[in-house]
């Protein structure tokens, strides 16, 4: 007989031997780019948060499926097609994350309903089932388990938890590590234990085993509900950024606190109802010595005497029900009205959680005391969580207000120092208030500037998706050109009724609009400045752009240093967010990708005349690069030749140096010897001359 754990090990080993995948279960941001010049920057931009499986934080565009991040190589054709369809469909990824959130919420709310299945039959004084509710709960729980199973199968089939020491093919070790991770918790949460207990175990129990089965039901519920809550918490923690349901705002935090209170009230109310039924079964077994379960065709006279009803009633002090008195007093355990029963139980749980269990009067039953203690501790934890979130929210708001006040003081001092007029002072304050209200004190421009180049480009592409490609000259351009344009875009904010560009002023930037702008010329009347119906005026909305003339100017002549003059006046109608591309940045981009324009407009006679200066620049730059590379290669070849000859004749060089030193010493000795010989010759000559001078002259005879 194969055990349960060995069976799952074999399943995992078989699946891993069939396909080779990898799941990267960590919150990684992998930045990919084909440009080699940014390789160092890309490596520094990787951020590994941990090895806990979960969803990717989606401050950027979502690219992961749940908590799966696909490996580059998937051998199965079917899984490769699934991978390709999922990775490229951002909407599907959002819907998948939203579906996971809803699945977790439904699962956490559905399990406590099993505690309402048992009902006390007041007439026959026994315990039975609410058959409609039992069938409904079992079916709903099975459907949720099917959805949960689909998620697990997807995670299991697409990949396994791969680490650097798991590439040696040890499938059993990989399977064991995978099973001991969150996969084991998922399987434990997925097992249909409540369904088995409700459908098979409790109905088959007889005598004292029936009460034991009811008591075991709460332990079964706790053992399976806690892992499920643990997985719900991990899902919500990881998916809160990438899902459209949860956001990190004050309203979402308040809703989360409210949901936690209602969930805790729901759970404790369901347990209170189940404990009440259990206490009733214990009373029938202890005081009446009868079988609590209601069989078919059971009457009170034939099975339980009428005196048993008095023994297990609230008026009899022989059996204490403690905190469960209200369940019998108000007929909660007797009612088959599910809506009323669950509403009353939830109210009971919320009341005692909010009061920290101060109104609970327990009996001597040990599990009743533990249950009351759990209510008090849970109420304290939830209250502390609520106070902590409220304190964090208030501190953040106070910090923002204080920062705004200090910044306002600095602006006031600067305005007073420069003696600016009142109208200009009002406009400056209005702009600063709008900018603060829009960005919440966050300097968006510096945030984008501090990001790595490829990450900044991807973020800007997401914000300006489709706008750049709407420019007529950019529609058929290469992706590299568009990436370069995205890398130079800068965010800007404009207040309403503000002039961005006036007619006759230099046009030194292209503007991509996230608001509403008016464009008009000077031949319109001043009375018409509040409407857009007169000729020469048009409106730009979100997604439009202004400044295409700047591109024509850049393409006309790269040697021009003066920017074109605007023939229109651009004014904001509402508060506008925009991305700006300056003339210098546009010239830099076009200079790198000018050949794309020449290829696109090669048949256009107007643009054909403009490629001569660009070709001159490119040829000059190419020739300089060629000459430089040639010179560098020549120097390298000479250096390499010398190095190679030196390595091959190291012994010869050593011998040469020794010989040279010997020759130098020999020459030096020879010179010294020659000097000494010449010196001795001179001394002999001097002596001979002195001797000849000392001889007497011969006499004349």
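Numbering (mature numbering (1 follows the signal peptide of the UniProt record, and there is no 0)), first residue to last: -17 to -1, 1 to 684. Just so it is clear, CB atoms sit at the ideal spot from N, CA and C, and this is done for glycine as well. These figures come from a predicted structure and were not determined experimentally.
Determine the direct distance from the alpha carbon of residue j to that of residue i, and round the result to whole angstroms.
i           : j           : result
residue 398 : residue 609 : 55 angstroms
residue 186 : residue 195 : 12 angstroms
residue 315 : residue 385 : 54 angstroms
residue 406 : residue 339 : 58 angstroms
residue 378 : residue 247 : 28 angstroms
residue 693 : residue 483 : What is shown of the chain runs -17 to 684, which leaves residue 693 out entirely.
residue 127 : residue 558 : 47 angstroms
residue 552 : residue 485 : 4 angstroms
residue 357 : residue 336 : 10 angstroms
residue 350 : residue 254 : 12 angstroms
residue 401 : residue 495 : 33 angstroms
residue 129 : residue 83  : 13 angstroms
residue 263 : residue 103 : 8 angstroms
residue 133 : residue 319 : 35 angstroms
residue 142 : residue 217 : Its pLDDT being 44, under 50, residue 142 is placed unreliably in this model, and the value from its coordinates should be taken loosely. Looking at the two C-alpha atoms, the distance is approximately 19 angstroms.
residue 236 : residue 372 : 7 angstroms
residue 111 : residue 238 : 38 angstroms
residue 575 : residue 464 : 9 angstroms
residue -3  : residue 439 : With a pLDDT of 40 at residue -3, under the threshold of 50, the modelled position of that residue is not reliable, and the figure given next carries that caveat. Their backbone Cα atoms lie some 40 angstroms apart in a straight line.
residue 58  : residue 331 : Unreliable placement is indicated for residue 58, whose pLDDT of 43 sits below 50; no coordinate value is reported for it.
residue 149 : residue 211 : Model confidence at residue 149 stands at a pLDDT of 41, short of 50, so the residue's coordinates are unreliable and nothing is read from them.
residue 365 : residue 120 : 28 angstroms
residue 274 : residue 198 : 15 angstroms
residue 267 : residue 193 : 11 angstroms
residue 124 : residue 522 : 55 angstroms
residue 403 : residue 381 : 30 angstroms
residue 383 : residue 367 : 24 angstroms
residue 473 : residue 387 : 24 angstroms
residue 389 : residue 529 : 36 angstroms
residue 353 : residue 252 : 15 angstroms
residue 605 : residue 615 : 15 angstroms
residue 653 : residue 647 : 10 angstroms
Leaving out the 5 sequence neighbours to the left and right, which residues in its chain are closer than 6 angstroms to residue i when beta-carbon positions are compared?
i           : result
residue 180 : 200, 203
residue 78  : none
residue 658 : none
residue 188 : 196
residue -7  : Unreliable placement is indicated for residue -7, whose pLDDT of 38 sits below 50; the coordinate value is still reported in the next sentence. Excluding residues within five positions, none has a Cβ falling inside 6 angstroms.
residue 105 : 317
residue 410 : none
residue 333 : 248
residue 361 : 247
residue 419 : 387
Look up residue i in the DSSP assignment and give the residues it is bridged to.
i           : result
residue 111 : 102
residue 565 : 492
residue 276 : 110
residue 117 : In the DSSP output, where bridge partners are listed per residue, residue 117 has none listed.
residue 548 : 489
residue 484 : 553
residue 528 : 495
CB-CB under 7 angstroms to residue i, same chain, minus the five flanking residues each way: which ones, in chain order?
i           : result
residue 117 : 100, 181
residue 355 : 306, 340, 343, 345
residue 277 : 104, 107, 109, 110, 111
residue 184 : 196
Please go through the same chain and pick out, in chain order, the residues whose beta-carbon is closer than 8 angstroms to the beta-carbon of residue i, but skip the five residues on each side of it.
i           : result
residue 546 : 489, 490, 491, 533, 536, 566
residue 214 : 87, 165, 168, 169, 172
residue 135 : 166, 169, 170, 173
residue 571 : 471
residue 363 : 339
residue 394 : 411, 412, 415
residue 250 : 95, 208, 332
Q. Between the segment 469 to 480 and the segment 433 to 444, do at least 3 Cβ pairs fall closer than 8 angstroms?
A. yes
Q: Take every Cβ of the segment 565 to 572, pair it with every Cβ of the segment 484 to 492, and state whether three or more of those distances are shorter than 8 angstroms.
A: Here the segment 565 to 572 lies against the segment 484 to 492, with 3 or more beta-carbon pairs under 8 angstroms apart.
Q: Evaluate contact between the segment 319 to 326 and the segment 90 to 102, counting only Cβ atoms and requiring at least three cross-stretch pairs below 8 angstroms.
A: yes
Q | Residue ranges of each alpha helix (DSSP H) within the segment 309 to 358, 4 or longer | A | 321 to 337
Q. Should the segment 251 to 261 be called in touch with the segment 304 to 311, which here means at least 3 C-beta pairs below 8 angstroms?
A. yes
**Q.** Start-end ranges of the alpha helix (DSSP H) lying completely within the segment 168 to 193, minimum 4 residues
**A.** 176 to 179
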